[in-house]
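Letter 29 of the sequence shown, counting from 1, is numbered 29 in the UniProt record's numbering, and no numbers are missing. Quick reminder that beta carbons are idealized off the backbone N, C-alpha and C, glycines included. Computed from a predicted structure; not experimentally measured.
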Amino acid sequence: MGAVEQERASQGFFGTSSAAGFMRQIRTAVDKRVDAPYRQSSTPRAPVNSTLLPPRRDVPQHPVANYVLPPRKMADSLMEVYWDYVFPLYPFLISAQMKSEYAKIWAGDTLDSDENMLMCTLNVMFALASQLADFVPPSEREASADAFFSRAKGLFQFNLWDTGSAGLIQCLLLMAQYLQSTDSAHQCWIVTGLAIRNAQSLGLHLPETIASFQSFEEQQLARKIWHGVISMTFGRPAMITKTSSGAVPLPAAVDDEFIPSNSSLEVSQPPNRPSIMAFFGKTLELYDIMNDVLLSLYNPSTDPSGEDIHDFYFNNSTTEGERSIFELDHCLSRWTKSLPVHLRGEAAMASANPIFCRQSIVLRARFLHVRILLFRPTLSKYCTLRDNTASDSLISINDSFPHRVALQCSVICVKAAQESIRLIYNNVPTDGTGGPLPAWWYNVLCAYKKPRRHCPLSLTRLDVYTSATVLIAGRLCSSILAEVTAESITESWNQALEILRKYQSYSTSARRCVAALEILYEQVASEGLPVHHGASSSLEEGDSPAIGDMSFGEGMNASILDSFEFPDFQDMSWLNSVPSNLY
(Lines of atoms letter the chains of each structure in order from A and count residues from 1; the text may use other names and numbers.)
(Lines give C-alpha, C1' and ligand atoms only; values in the text may rest on other atoms or scores of the structure.)
Protein backbone atom coordinates (compact mmCIF):
# COMPACT_ATOMS: atom_id res chain seq x y z
CA MET A 1 0.00 0.00 0.00
CA GLY A 2 2.90 2.35 0.67
CA ALA A 3 4.21 1.79 -2.84
CA VAL A 4 0.78 2.49 -4.28
CA GLU A 5 0.54 5.74 -2.32
CA GLN A 6 3.99 6.87 -3.49
CA GLU A 7 3.15 6.11 -7.10
CA ARG A 8 -0.15 7.98 -6.78
CA ALA A 9 1.57 11.04 -5.33
CA SER A 10 3.89 11.24 -8.33
CA GLN A 11 1.05 11.02 -10.80
CA GLY A 12 -1.33 13.54 -9.31
CA PHE A 13 -4.84 13.32 -7.91
CA PHE A 14 -7.07 10.32 -8.66
CA GLY A 15 -10.80 10.31 -7.91
CA THR A 16 -12.84 7.72 -6.06
CA SER A 17 -13.80 5.90 -9.26
CA SER A 18 -10.14 5.10 -10.10
CA ALA A 19 -8.19 2.00 -9.11
CA ALA A 20 -6.16 4.10 -6.70
CA GLY A 21 -9.38 5.35 -5.15
CA PHE A 22 -10.60 1.78 -4.72
CA MET A 23 -7.30 0.83 -3.06
CA ARG A 24 -7.74 3.71 -0.62
CA GLN A 25 -11.17 2.36 0.31
CA ILE A 26 -9.69 -1.11 0.85
CA ARG A 27 -6.96 0.39 2.98
CA THR A 28 -9.53 2.22 5.09
CA ALA A 29 -11.50 -0.99 5.59
CA VAL A 30 -8.35 -2.91 6.57
CA ASP A 31 -7.18 -0.19 8.95
CA LYS A 32 -10.46 -0.37 10.82
CA ARG A 33 -9.89 -4.09 11.48
CA VAL A 34 -6.21 -3.89 12.47
CA ASP A 35 -5.42 -3.32 16.13
CA ALA A 36 -3.03 -0.59 17.26
CA PRO A 37 -0.10 0.01 16.98
CA TYR A 38 -0.30 -1.33 13.43
CA ARG A 39 -3.37 0.65 12.48
CA GLN A 40 -2.73 3.63 10.23
CA SER A 41 -4.99 6.58 9.63
CA SER A 42 -8.45 5.45 8.58
CA THR A 43 -9.17 8.69 6.79
CA PRO A 44 -8.66 8.50 3.01
CA ARG A 45 -5.93 10.86 1.91
CA ALA A 46 -7.55 13.03 -0.75
CA PRO A 47 -4.89 15.59 -1.58
CA VAL A 48 -1.73 14.71 -3.45
CA ASN A 49 0.35 17.08 -1.33
CA SER A 50 -0.33 18.77 1.98
CA THR A 51 1.07 22.04 0.72
CA LEU A 52 0.87 24.20 -2.39
CA LEU A 53 4.13 25.97 -1.58
CA PRO A 54 6.99 23.40 -1.61
CA PRO A 55 9.90 23.97 0.77
CA ARG A 56 13.07 25.51 -0.59
CA ARG A 57 14.98 22.21 -0.83
CA ASP A 58 12.35 20.68 -3.15
CA VAL A 59 12.56 23.46 -5.72
CA PRO A 60 14.66 22.56 -8.78
CA GLN A 61 17.03 25.31 -9.87
CA HIS A 62 18.46 26.02 -13.31
CA PRO A 63 22.05 27.27 -12.93
CA VAL A 64 22.52 27.85 -16.65
CA ALA A 65 19.67 29.77 -18.22
CA ASN A 66 19.22 32.67 -20.61
CA TYR A 67 17.43 35.13 -18.33
CA VAL A 68 16.82 38.61 -19.67
CA LEU A 69 15.28 41.43 -17.67
CA PRO A 70 14.60 45.02 -18.69
CA PRO A 71 16.55 47.84 -17.00
CA ARG A 72 15.75 48.09 -13.30
CA LYS A 73 13.89 51.38 -13.59
CA MET A 74 11.64 50.09 -16.36
CA ALA A 75 11.12 46.77 -14.58
CA ASP A 76 10.07 48.54 -11.38
CA SER A 77 7.66 50.75 -13.34
CA LEU A 78 6.09 47.78 -15.08
CA MET A 79 5.71 45.92 -11.78
CA GLU A 80 4.01 48.97 -10.31
CA VAL A 81 1.54 48.99 -13.22
CA TYR A 82 0.86 45.30 -12.69
CA TRP A 83 0.15 45.63 -8.96
CA ASP A 84 -1.97 48.77 -9.43
CA TYR A 85 -3.98 47.83 -12.53
CA VAL A 86 -3.88 44.06 -13.13
CA PHE A 87 -3.66 42.40 -9.74
CA PRO A 88 -6.71 44.14 -8.16
CA LEU A 89 -8.86 42.59 -10.89
CA TYR A 90 -7.09 39.23 -11.20
CA PRO A 91 -5.44 38.34 -7.86
CA PHE A 92 -3.92 35.03 -8.96
CA LEU A 93 -0.63 35.56 -7.10
CA ILE A 94 0.40 35.98 -3.47
CA SER A 95 1.54 39.57 -3.71
CA ALA A 96 3.95 39.56 -0.74
CA GLN A 97 5.61 36.36 -1.90
CA MET A 98 6.06 37.57 -5.49
CA LYS A 99 7.36 40.98 -4.40
CA SER A 100 9.87 39.28 -2.11
CA GLU A 101 11.10 37.00 -4.89
CA TYR A 102 11.34 39.96 -7.27
CA ALA A 103 13.55 41.83 -4.80
CA LYS A 104 15.79 38.76 -4.34
CA ILE A 105 16.39 38.55 -8.09
CA TRP A 106 17.93 42.03 -8.17
CA ALA A 107 19.81 41.44 -4.92
CA GLY A 108 21.23 38.15 -6.17
CA ASP A 109 19.82 36.23 -3.20
CA THR A 110 18.72 32.62 -3.26
CA LEU A 111 15.13 32.24 -4.39
CA ASP A 112 12.42 30.25 -2.63
CA SER A 113 10.67 29.47 -5.93
CA ASP A 114 11.49 27.59 -9.08
CA GLU A 115 13.79 30.12 -10.72
CA ASN A 116 12.81 29.25 -14.28
CA MET A 117 9.06 29.40 -13.57
CA LEU A 118 9.50 32.64 -11.64
CA MET A 119 11.34 34.32 -14.53
CA CYS A 120 8.70 33.06 -16.95
CA THR A 121 5.91 34.46 -14.77
CA LEU A 122 7.69 37.80 -14.39
CA ASN A 123 7.96 38.19 -18.15
CA VAL A 124 4.22 37.53 -18.53
CA MET A 125 3.59 40.16 -15.86
CA PHE A 126 5.79 42.59 -17.82
CA ALA A 127 3.86 41.76 -20.99
CA LEU A 128 0.51 42.50 -19.33
CA ALA A 129 1.83 45.71 -17.80
CA SER A 130 3.25 46.85 -21.15
CA GLN A 131 -0.25 46.79 -22.62
CA LEU A 132 -1.46 49.15 -19.90
CA ALA A 133 1.55 51.32 -19.08
CA ASP A 134 0.98 55.02 -19.75
CA PHE A 135 4.71 55.60 -20.16
CA VAL A 136 4.78 53.27 -23.19
CA PRO A 137 3.42 54.98 -26.34
CA PRO A 138 0.23 53.27 -27.58
CA SER A 139 1.82 52.48 -30.92
CA GLU A 140 4.67 50.62 -29.18
CA ARG A 141 2.71 48.70 -26.55
CA GLU A 142 1.89 45.69 -28.70
CA ALA A 143 5.52 45.19 -29.78
CA SER A 144 6.83 45.70 -26.24
CA ALA A 145 4.33 43.24 -24.77
CA ASP A 146 5.06 40.70 -27.48
CA ALA A 147 8.79 40.87 -26.76
CA PHE A 148 8.23 40.03 -23.09
CA PHE A 149 5.74 37.30 -23.88
CA SER A 150 8.12 35.73 -26.40
CA ARG A 151 10.74 35.54 -23.64
CA ALA A 152 8.17 33.94 -21.35
CA LYS A 153 7.36 31.32 -23.98
CA GLY A 154 11.06 30.56 -24.35
CA LEU A 155 11.39 30.04 -20.60
CA PHE A 156 8.18 28.08 -20.18
CA GLN A 157 8.90 24.43 -19.46
CA PHE A 158 5.94 22.08 -19.33
CA ASN A 159 6.38 18.33 -19.11
CA LEU A 160 3.27 16.28 -19.83
CA TRP A 161 4.61 13.51 -17.63
CA ASP A 162 5.07 15.64 -14.50
CA THR A 163 2.50 16.63 -11.91
CA GLY A 164 1.67 20.33 -12.05
CA SER A 165 2.21 22.93 -9.38
CA ALA A 166 0.57 26.09 -8.11
CA GLY A 167 3.32 28.15 -9.79
CA LEU A 168 2.61 26.49 -13.14
CA ILE A 169 -1.13 27.16 -12.88
CA GLN A 170 -0.55 30.77 -11.89
CA CYS A 171 1.74 31.27 -14.89
CA LEU A 172 -0.78 29.64 -17.23
CA LEU A 173 -3.55 31.89 -15.91
CA LEU A 174 -1.47 35.00 -16.55
CA MET A 175 -0.60 33.71 -20.02
CA ALA A 176 -4.27 33.18 -20.80
CA GLN A 177 -5.03 36.65 -19.52
CA TYR A 178 -2.38 38.15 -21.80
CA LEU A 179 -3.50 36.13 -24.82
CA GLN A 180 -6.95 37.70 -24.46
CA SER A 181 -5.36 40.97 -25.59
CA THR A 182 -4.09 39.38 -28.80
CA ASP A 183 -5.60 37.69 -31.81
CA SER A 184 -4.62 34.29 -30.38
CA ALA A 185 -7.99 33.09 -29.13
CA HIS A 186 -7.12 29.47 -29.87
CA GLN A 187 -3.88 29.62 -27.89
CA CYS A 188 -5.76 31.24 -25.01
CA TRP A 189 -8.28 28.39 -25.05
CA ILE A 190 -5.51 25.74 -24.99
CA VAL A 191 -3.56 27.48 -22.21
CA THR A 192 -6.72 27.73 -20.12
CA GLY A 193 -7.33 24.02 -20.65
CA LEU A 194 -3.83 23.22 -19.39
CA ALA A 195 -4.48 25.30 -16.29
CA ILE A 196 -7.74 23.48 -15.62
CA ARG A 197 -6.23 20.02 -16.03
CA ASN A 198 -3.25 20.80 -13.82
CA ALA A 199 -5.53 22.25 -11.14
CA GLN A 200 -7.62 19.09 -11.22
CA SER A 201 -4.50 16.91 -11.06
CA LEU A 202 -3.68 18.63 -7.77
CA GLY A 203 -7.20 17.97 -6.52
CA LEU A 204 -8.02 21.68 -6.26
CA HIS A 205 -11.58 20.97 -7.40
CA LEU A 206 -12.28 19.20 -4.09
CA PRO A 207 -13.12 21.07 -0.87
CA GLU A 208 -11.36 18.38 1.20
CA THR A 209 -8.13 19.07 -0.67
CA ILE A 210 -8.38 22.77 0.07
CA ALA A 211 -9.07 22.07 3.75
CA SER A 212 -6.03 19.80 4.01
CA PHE A 213 -3.49 22.48 3.17
CA GLN A 214 -1.33 23.49 6.10
CA SER A 215 -1.98 27.22 6.19
CA PHE A 216 -4.86 29.58 5.52
CA GLU A 217 -2.60 31.37 3.03
CA GLU A 218 -2.36 28.21 0.92
CA GLN A 219 -6.08 27.54 1.22
CA GLN A 220 -6.78 31.06 -0.02
CA LEU A 221 -4.32 30.63 -2.92
CA ALA A 222 -5.91 27.32 -3.91
CA ARG A 223 -9.36 28.92 -3.96
CA LYS A 224 -8.12 31.85 -6.04
CA ILE A 225 -6.42 29.79 -8.74
CA TRP A 226 -9.22 27.22 -8.95
CA HIS A 227 -11.91 29.84 -9.40
CA GLY A 228 -9.51 31.72 -11.66
CA VAL A 229 -9.41 28.84 -14.14
CA ILE A 230 -13.16 28.26 -14.14
CA SER A 231 -13.88 31.95 -14.81
CA MET A 232 -12.16 31.69 -18.21
CA THR A 233 -15.00 30.91 -20.66
CA PHE A 234 -15.05 30.85 -24.43
CA GLY A 235 -18.53 29.72 -25.36
CA ARG A 236 -17.34 26.20 -26.00
CA PRO A 237 -18.41 22.97 -24.27
CA ALA A 238 -17.64 23.40 -20.58
CA MET A 239 -14.71 21.45 -19.16
CA ILE A 240 -16.01 21.89 -15.60
CA THR A 241 -19.51 21.12 -14.44
CA LYS A 242 -21.49 23.63 -12.42
CA THR A 243 -21.51 21.25 -9.44
CA SER A 244 -17.75 20.86 -9.52
CA SER A 245 -17.10 24.56 -9.93
CA GLY A 246 -19.25 25.41 -6.92
CA ALA A 247 -17.89 22.72 -4.61
CA VAL A 248 -14.89 24.80 -3.61
CA PRO A 249 -15.76 27.88 -1.53
CA LEU A 250 -15.00 31.26 -3.04
CA PRO A 251 -11.84 33.03 -1.86
CA ALA A 252 -12.29 34.89 1.40
CA ALA A 253 -12.60 38.68 1.14
CA VAL A 254 -9.30 39.16 2.95
CA ASP A 255 -6.32 40.99 1.47
CA ASP A 256 -2.94 39.22 1.36
CA GLU A 257 -1.35 41.69 3.75
CA PHE A 258 -3.62 40.48 6.56
CA ILE A 259 -2.94 36.77 5.99
CA PRO A 260 0.11 35.58 7.98
CA SER A 261 2.39 32.97 6.45
CA ASN A 262 2.47 29.44 7.85
CA SER A 263 -0.55 30.03 10.06
CA SER A 264 -3.43 27.55 10.12
CA LEU A 265 -5.79 30.05 11.73
CA GLU A 266 -8.46 31.55 9.50
CA VAL A 267 -8.29 35.33 9.48
CA SER A 268 -10.72 38.06 8.51
CA GLN A 269 -10.44 41.54 7.06
CA PRO A 270 -10.03 44.23 9.74
CA PRO A 271 -13.17 46.30 10.41
CA ASN A 272 -13.51 49.52 8.43
CA ARG A 273 -10.93 48.27 5.91
CA PRO A 274 -12.71 47.35 2.66
CA SER A 275 -11.08 44.41 0.93
CA ILE A 276 -9.58 44.51 -2.54
CA MET A 277 -10.39 40.78 -2.77
CA ALA A 278 -14.13 41.47 -2.43
CA PHE A 279 -14.19 42.48 -6.09
CA PHE A 280 -12.91 39.06 -7.18
CA GLY A 281 -15.55 37.24 -5.16
CA LYS A 282 -18.42 39.35 -6.49
CA THR A 283 -17.08 38.92 -10.03
CA LEU A 284 -17.11 35.15 -9.61
CA GLU A 285 -20.71 35.30 -8.40
CA LEU A 286 -21.62 37.37 -11.45
CA TYR A 287 -19.88 34.89 -13.77
CA ASP A 288 -21.93 32.12 -12.19
CA ILE A 289 -25.12 33.98 -13.09
CA MET A 290 -23.76 34.60 -16.57
CA ASN A 291 -23.12 30.89 -16.97
CA ASP A 292 -26.78 30.21 -16.09
CA VAL A 293 -27.83 32.82 -18.66
CA LEU A 294 -25.77 31.16 -21.38
CA LEU A 295 -26.95 27.65 -20.55
CA SER A 296 -30.61 28.68 -20.33
CA LEU A 297 -31.01 31.23 -23.12
CA TYR A 298 -28.25 30.45 -25.62
CA ASN A 299 -28.90 26.75 -26.00
CA PRO A 300 -28.90 25.98 -29.74
CA SER A 301 -31.28 23.04 -29.20
CA THR A 302 -33.95 25.43 -28.02
CA ASP A 303 -35.99 26.19 -31.13
CA PRO A 304 -39.46 27.18 -29.95
CA SER A 305 -42.29 26.96 -32.41
CA GLY A 306 -43.89 30.16 -33.59
CA GLU A 307 -47.35 28.61 -33.21
CA ASP A 308 -47.67 29.80 -29.62
CA ILE A 309 -46.48 33.28 -28.66
CA HIS A 310 -45.81 32.23 -25.06
CA ASP A 311 -43.48 29.46 -26.19
CA PHE A 312 -41.94 31.69 -28.85
CA TYR A 313 -40.70 34.18 -26.29
CA PHE A 314 -40.31 32.33 -23.02
CA ASN A 315 -40.07 28.60 -23.64
CA ASN A 316 -37.46 27.21 -21.21
CA SER A 317 -38.69 23.68 -20.62
CA THR A 318 -36.44 21.79 -23.04
CA THR A 319 -33.55 20.99 -20.72
CA GLU A 320 -33.44 20.15 -17.05
CA GLY A 321 -31.80 22.85 -15.00
CA GLU A 322 -32.61 25.74 -17.32
CA ARG A 323 -33.94 28.87 -15.67
CA SER A 324 -36.40 31.42 -16.96
CA ILE A 325 -35.46 34.96 -17.83
CA PHE A 326 -37.47 36.14 -14.81
CA GLU A 327 -35.52 33.92 -12.40
CA LEU A 328 -32.23 35.05 -13.90
CA ASP A 329 -33.19 38.69 -13.63
CA HIS A 330 -34.07 38.09 -9.98
CA CYS A 331 -30.60 36.60 -9.44
CA LEU A 332 -29.02 39.69 -10.94
CA SER A 333 -31.14 41.91 -8.73
CA ARG A 334 -30.09 40.02 -5.60
CA TRP A 335 -26.46 40.21 -6.71
CA THR A 336 -26.56 44.00 -7.01
CA LYS A 337 -28.07 44.32 -3.54
CA SER A 338 -25.28 42.16 -2.09
CA LEU A 339 -22.47 44.43 -3.30
CA PRO A 340 -20.39 45.98 -0.52
CA VAL A 341 -20.55 49.74 -0.23
CA HIS A 342 -17.06 50.33 -1.62
CA LEU A 343 -18.03 48.58 -4.87
CA ARG A 344 -21.23 50.53 -5.43
CA GLY A 345 -20.98 53.19 -8.09
CA GLU A 346 -21.49 56.52 -6.35
CA ALA A 347 -19.91 55.49 -3.06
CA ALA A 348 -16.84 54.10 -4.83
CA MET A 349 -16.50 57.18 -7.04
CA ALA A 350 -16.54 59.36 -3.95
CA SER A 351 -13.83 57.22 -2.37
CA ALA A 352 -10.27 58.49 -2.38
CA ASN A 353 -9.05 54.98 -3.24
CA PRO A 354 -8.47 54.72 -7.03
CA ILE A 355 -8.46 50.92 -6.89
CA PHE A 356 -11.96 50.77 -5.43
CA CYS A 357 -13.14 53.35 -7.95
CA ARG A 358 -11.79 51.27 -10.83
CA GLN A 359 -13.15 48.03 -9.42
CA SER A 360 -16.58 49.61 -9.13
CA ILE A 361 -16.55 50.78 -12.76
CA VAL A 362 -15.31 47.41 -14.03
CA LEU A 363 -17.92 45.55 -12.00
CA ARG A 364 -20.66 47.85 -13.32
CA ALA A 365 -19.45 47.26 -16.86
CA ARG A 366 -19.52 43.50 -16.41
CA PHE A 367 -22.96 43.63 -14.83
CA LEU A 368 -24.33 45.62 -17.78
CA HIS A 369 -22.86 43.14 -20.20
CA VAL A 370 -24.51 40.21 -18.44
CA ARG A 371 -27.77 42.17 -18.50
CA ILE A 372 -27.41 42.64 -22.25
CA LEU A 373 -26.83 38.90 -22.59
CA LEU A 374 -29.95 38.21 -20.52
CA PHE A 375 -32.34 40.28 -22.62
CA ARG A 376 -30.71 40.08 -26.05
CA PRO A 377 -32.33 36.77 -27.11
CA THR A 378 -35.75 38.32 -26.45
CA LEU A 379 -34.78 41.41 -28.45
CA SER A 380 -33.75 39.15 -31.32
CA LYS A 381 -37.06 37.29 -31.21
CA TYR A 382 -39.02 40.51 -30.92
CA CYS A 383 -37.45 41.75 -34.13
CA THR A 384 -38.18 38.52 -36.00
CA LEU A 385 -41.72 37.61 -34.94
CA ARG A 386 -43.51 36.39 -38.03
CA ASP A 387 -46.99 37.40 -39.10
CA ASN A 388 -48.16 33.79 -39.11
CA THR A 389 -47.57 33.40 -35.40
CA ALA A 390 -50.84 32.09 -34.03
CA SER A 391 -52.69 33.97 -31.31
CA ASP A 392 -56.01 33.83 -29.52
CA SER A 393 -58.67 35.28 -31.76
CA LEU A 394 -59.84 37.51 -28.90
CA ILE A 395 -56.37 38.92 -28.22
CA SER A 396 -54.12 40.40 -30.85
CA ILE A 397 -50.41 39.70 -30.75
CA ASN A 398 -49.61 43.32 -30.01
CA ASP A 399 -51.90 43.24 -26.95
CA SER A 400 -50.80 39.85 -25.67
CA PHE A 401 -49.01 39.66 -22.34
CA PRO A 402 -45.84 37.86 -23.60
CA HIS A 403 -45.48 40.32 -26.47
CA ARG A 404 -45.77 43.27 -24.13
CA VAL A 405 -43.22 41.71 -21.78
CA ALA A 406 -40.92 41.03 -24.74
CA LEU A 407 -41.14 44.68 -25.73
CA GLN A 408 -40.04 45.79 -22.26
CA CYS A 409 -37.22 43.23 -22.27
CA SER A 410 -36.07 44.63 -25.60
CA VAL A 411 -36.19 48.18 -24.28
CA ILE A 412 -34.17 47.17 -21.21
CA CYS A 413 -31.58 45.53 -23.49
CA VAL A 414 -31.18 48.67 -25.59
CA LYS A 415 -30.95 50.89 -22.52
CA ALA A 416 -28.33 48.59 -20.98
CA ALA A 417 -26.32 48.85 -24.20
CA GLN A 418 -26.58 52.63 -24.06
CA GLU A 419 -25.47 52.72 -20.44
CA SER A 420 -22.52 50.42 -21.11
CA ILE A 421 -21.31 52.65 -23.94
CA ARG A 422 -21.86 55.77 -21.86
CA LEU A 423 -19.93 54.22 -18.95
CA ILE A 424 -16.88 53.65 -21.13
CA TYR A 425 -17.24 56.94 -22.99
CA ASN A 426 -17.39 59.01 -19.80
CA ASN A 427 -14.36 57.28 -18.31
CA VAL A 428 -11.96 57.22 -21.26
CA PRO A 429 -9.27 59.74 -20.28
CA THR A 430 -8.66 62.45 -22.85
CA ASP A 431 -4.91 62.40 -22.21
CA GLY A 432 -4.51 58.85 -23.52
CA THR A 433 -3.85 57.25 -20.14
CA GLY A 434 -5.54 54.06 -19.01
CA GLY A 435 -7.84 55.67 -16.46
CA PRO A 436 -10.31 53.68 -14.34
CA LEU A 437 -11.56 51.47 -17.18
CA PRO A 438 -10.79 47.79 -17.73
CA ALA A 439 -7.96 46.95 -20.11
CA TRP A 440 -8.73 48.25 -23.59
CA TRP A 441 -9.28 44.78 -25.08
CA TYR A 442 -12.18 44.20 -22.66
CA ASN A 443 -13.82 47.41 -23.86
CA VAL A 444 -13.45 46.76 -27.58
CA LEU A 445 -13.68 43.09 -28.37
CA CYS A 446 -14.30 39.59 -27.10
CA ALA A 447 -11.98 36.66 -27.57
CA TYR A 448 -14.36 34.45 -29.46
CA LYS A 449 -15.25 33.67 -33.02
CA LYS A 450 -18.56 33.04 -34.73
CA PRO A 451 -20.20 30.25 -32.71
CA ARG A 452 -20.89 26.85 -34.15
CA ARG A 453 -24.36 25.43 -33.69
CA HIS A 454 -23.24 22.90 -31.10
CA CYS A 455 -22.02 25.41 -28.55
CA PRO A 456 -23.55 28.47 -26.89
CA LEU A 457 -22.12 31.90 -27.50
CA SER A 458 -20.28 33.06 -24.42
CA LEU A 459 -19.41 36.69 -23.90
CA THR A 460 -17.27 37.02 -20.81
CA ARG A 461 -16.96 40.77 -20.80
CA LEU A 462 -18.39 44.05 -21.91
CA ASP A 463 -17.47 45.22 -25.42
CA VAL A 464 -18.49 48.15 -27.55
CA TYR A 465 -19.18 46.01 -30.59
CA THR A 466 -21.89 44.01 -28.82
CA SER A 467 -23.57 47.14 -27.49
CA ALA A 468 -23.46 48.80 -30.91
CA THR A 469 -25.21 45.84 -32.58
CA VAL A 470 -27.96 46.07 -29.96
CA LEU A 471 -28.39 49.73 -30.88
CA ILE A 472 -28.87 48.78 -34.53
CA ALA A 473 -31.53 46.24 -33.60
CA GLY A 474 -33.31 48.76 -31.41
CA ARG A 475 -33.21 51.38 -34.17
CA LEU A 476 -35.07 49.02 -36.50
CA CYS A 477 -38.22 48.74 -34.37
CA SER A 478 -40.55 51.72 -34.09
CA SER A 479 -42.18 50.30 -30.95
CA ILE A 480 -38.79 50.37 -29.21
CA LEU A 481 -38.11 53.87 -30.53
CA ALA A 482 -41.34 54.98 -28.88
CA GLU A 483 -39.61 54.46 -25.52
CA VAL A 484 -35.96 54.89 -26.51
CA THR A 485 -35.76 57.80 -28.90
CA ALA A 486 -33.86 57.66 -32.16
CA GLU A 487 -31.89 60.72 -31.06
CA SER A 488 -30.59 58.99 -27.91
CA ILE A 489 -29.66 55.87 -29.90
CA THR A 490 -27.81 58.04 -32.42
CA GLU A 491 -25.91 59.72 -29.60
CA SER A 492 -24.93 56.34 -28.14
CA TRP A 493 -23.94 55.08 -31.59
CA ASN A 494 -21.63 58.03 -32.18
CA GLN A 495 -20.09 57.56 -28.75
CA ALA A 496 -19.43 53.88 -29.54
CA LEU A 497 -17.66 54.77 -32.77
CA GLU A 498 -15.63 57.46 -31.02
CA ILE A 499 -14.50 54.93 -28.42
CA LEU A 500 -13.43 52.47 -31.09
CA ARG A 501 -11.49 55.13 -32.93
CA LYS A 502 -9.62 56.05 -29.76
CA TYR A 503 -8.46 52.46 -29.50
CA GLN A 504 -7.48 52.11 -33.17
CA SER A 505 -3.83 52.78 -32.39
CA TYR A 506 -3.79 49.93 -29.89
CA SER A 507 -4.85 47.10 -32.19
CA THR A 508 -6.26 46.27 -35.60
CA SER A 509 -9.23 44.68 -33.83
CA ALA A 510 -10.69 48.11 -33.04
CA ARG A 511 -10.35 49.16 -36.69
CA ARG A 512 -12.00 45.95 -37.80
CA CYS A 513 -14.86 46.49 -35.37
CA VAL A 514 -15.53 49.91 -36.89
CA ALA A 515 -15.47 48.40 -40.39
CA ALA A 516 -17.77 45.55 -39.37
CA LEU A 517 -20.28 47.94 -37.84
CA GLU A 518 -20.26 50.04 -40.98
CA ILE A 519 -21.02 47.05 -43.19
CA LEU A 520 -23.61 45.73 -40.75
CA TYR A 521 -25.51 48.97 -40.55
CA GLU A 522 -25.36 49.63 -44.28
CA GLN A 523 -26.68 46.14 -45.03
CA VAL A 524 -29.48 46.36 -42.47
CA ALA A 525 -30.48 49.82 -43.68
CA SER A 526 -30.41 48.85 -47.37
CA GLU A 527 -32.13 45.46 -47.15
CA GLY A 528 -34.30 46.20 -44.11
CA LEU A 529 -36.29 43.71 -42.12
CA PRO A 530 -39.92 42.99 -43.01
CA VAL A 531 -42.54 44.84 -40.97
CA HIS A 532 -44.08 42.60 -38.30
CA HIS A 533 -46.43 42.86 -35.35
CA GLY A 534 -47.26 46.49 -36.01
CA ALA A 535 -43.68 47.63 -35.55
CA SER A 536 -41.67 49.10 -38.34
CA SER A 537 -38.68 46.81 -38.68
CA SER A 538 -36.90 48.97 -41.21
CA LEU A 539 -36.26 52.63 -41.83
CA GLU A 540 -39.04 54.37 -43.65
CA GLU A 541 -38.25 55.46 -47.16
CA GLY A 542 -36.83 58.95 -47.15
CA ASP A 543 -35.66 58.78 -43.54
CA SER A 544 -32.19 60.08 -42.99
CA PRO A 545 -29.82 57.41 -41.69
CA ALA A 546 -29.32 59.05 -38.32
CA ILE A 547 -27.05 56.28 -37.06
CA GLY A 548 -24.82 56.76 -40.06
CA ASP A 549 -24.23 60.45 -39.54
CA MET A 550 -20.59 59.85 -38.74
CA SER A 551 -18.30 58.45 -41.38
CA PHE A 552 -16.93 54.96 -40.88
CA GLY A 553 -13.58 53.33 -41.32
CA GLU A 554 -11.46 56.40 -41.90
CA GLY A 555 -8.04 55.35 -43.13
CA MET A 556 -9.24 51.76 -43.22
CA ASN A 557 -7.17 49.19 -45.01
CA ALA A 558 -9.41 47.64 -47.66
CA SER A 559 -7.90 44.21 -47.02
CA ILE A 560 -9.71 44.13 -43.66
CA LEU A 561 -13.05 43.97 -45.49
CA ASP A 562 -12.11 41.68 -48.38
CA SER A 563 -13.50 38.47 -46.86
CA PHE A 564 -16.15 39.92 -44.55
CA GLU A 565 -19.03 37.49 -44.02
CA PHE A 566 -22.29 39.24 -44.79
CA PRO A 567 -24.98 38.29 -42.28
CA ASP A 568 -28.40 36.81 -42.87
CA PHE A 569 -30.80 39.58 -41.88
CA GLN A 570 -33.88 37.38 -41.86
CA ASP A 571 -33.03 35.61 -38.62
CA MET A 572 -31.12 38.35 -36.76
CA SER A 573 -28.23 35.93 -36.16
CA TRP A 574 -25.83 38.83 -36.56
CA LEU A 575 -27.09 40.13 -33.22
CA ASN A 576 -25.68 37.12 -31.37
CA SER A 577 -22.30 36.74 -33.06
CA VAL A 578 -19.21 38.54 -34.23
CA PRO A 579 -17.85 37.84 -37.73
CA SER A 580 -14.84 35.57 -37.52
CA ASN A 581 -13.03 37.97 -39.85
CA LEU A 582 -12.52 40.36 -36.95
CA TYR A 583 -9.67 38.11 -35.77
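The beta carbon of residue 96 sits closer than 6 angstroms to the beta carbons of 256 from its chain, once the five residues preceding and following it are set aside; these are given in chain order. Rounded to the nearest whole angstrom, the C-alpha separation of residue 366 and residue 100 is 33 angstroms. Counting of Cβ neighbours within 10 angstroms places residue 274 among the buried residues, the total reaching 16 or more.
When C-beta atoms of the stretch 414–430 are compared with those of the stretch 464–474, three or more pairs fall below 8 angstroms, so the two segments count as touching. Rounded to whole angstroms, the gap between the alpha carbons of residue 52 and residue 225 is 11 angstroms.
Distance between residue 404 and residue 499, taken at the CA atoms: about 34 angstroms. Just so you know, the alpha carbons of residue 334 and residue 363 end up roughly 15 angstroms apart.
For the 9 angstroms CB-CB criterion, residue 407 and residue 290 do not form a contact.
Between residue 298 and residue 377, the C-beta spacing is below 9 angstroms. Straight across, the Cα-Cα distance linking residue 281 with residue 354 is about 19 angstroms. Look at residue 193 here: in three-state DSSP terms it is helix. The beta carbon of residue 270 lies closer than 7 angstroms to those of 258 in the same chain, with the five residues before and after it left out.
Membership of residue 143 in the alpha helix (DSSP H) is indicated by the continuous run 138–155. In this structure, residue 477 places its C-beta atom within 9 angstroms of the C-beta atom of residue 383. The residue from 68, 420, 426, 90 with its alpha-carbon nearest to that of residue 251 is 90.
Rounded to whole angstroms, residue 283 and residue 501 show a C-alpha spacing of 29 angstroms. For residue 338, there is no enclosing alpha helix (DSSP H), as DSSP marks it with neither H nor E. Assigned with DSSP and collapsed to three states, residue 425 falls in helix. Residue 124 places its beta carbon 9 angstroms or farther from that of residue 188.
Taking each of 503, 217, 482 in turn and checking the Cα distance to residue 264, the smallest one comes out for 217. Here residue 151 is near residue 68, since their CB atoms are less than 9 angstroms apart. In terms of Cβ geometry, residue 230 and residue 245 form a close pair [threshold 9 angstroms]. In the three-state reduction of the DSSP assignment, residue 483 falls in the coil class. Rounded to the nearest angstrom, the Cβ distance from residue 206 to residue 166 is 15 angstroms, too far for a contact under 8 angstroms.
Shown here, residue 205 sits in coil according to DSSP, grouped into three states, outside any helix or strand. In this structure, 424 is the residue among 503, 424, 106 with its C-alpha nearest to the C-alpha of residue 492.
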